[in-house]
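I have placed the structure first, in the form of structure tokens, so that the comments after it can refer back to it.
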Amino acid sequence: EKHSFIKKYFKEFYTKDFKLFASKDKHYRIRAELSFYHENDTLFYAMFDPKSKKKYIIEYLDFADEKICAFMPKLLEYLRQDNKLKEKLFGVEFLTTKQELSVTLLYHKNIEDIKSNLENLSNILHINLIARSKGKKLIFKTENLRQTLNIQDRKIFYEFNNDCFIQP
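To convert, take the position in the sequence shown, counting from 1, and add 597; that gives the working numbering.
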């Protein structure tokens, strides 16, 4: 169905046959956004049910890129051990390319007060880290991610800012 739609849609521009590739069943998203749930001084990843708006705990995201899935438990373990970092932490955004991973932590407090803790997190876990709170943004390492594609035996390099929208 998709093949015939594409062929019909592009017929005035391209008459040869198209090559279509199936999407992966798992690990197809390079971006993931989660909330945090705090209970009895313990921190959990969470998402909201779209119907009830109730938070539920997330342990694994099979749709997220494998680098994100592998990194999630490491980050959570680190955050659970640092009271200053987990206090008033409400969200996290993961973004990955084939080469790099970027993590953005979202706070309801002045992130300048935890700047050294954030820098340690970035250095110890070897990640590009961004921290945000109202009107403030701290960047540790870089917020730009690089990607290399091999297209017809040519390497195409591109770089994008963490704030841009990309898909998948």
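Idealized CB from N, CA, C, for every residue including glycine. These figures come from a predicted structure and were not determined experimentally.
| Query | Result |
| --- | --- |
| According to DSSP, residues forming a beta bridge with Ala-661 | Arg-626 |
| Cβ neighbour criterion (16 or more within 10 Å) applied to Ser-620 | exposed |
| Residues that DSSP places opposite Met-644 in a beta bridge | Tyr-653 |
| Rounded Cβ spacing between Ile-627 and Leu-692 (contact assumed at less than 8 Å) | 7 Å |
| C-beta atoms of Ser-807 and Asn-720 nearer than 7 Å | One cannot answer for residue 807 here, as it falls past the ends of the chain, which runs 598 to 765. |
| Supposed contact pair Lys-683 and Leu-587 - C-beta distance, whole angstroms, cut 8 Å | Past the edges of the chain, shown from 598 to 765, lies residue 587, and the structure says nothing about it. |
| Among Lys-706, Ala-728, Asn-707, His-705, the one whose alpha carbon lies nearest that of Glu-716 | Ala-728 |
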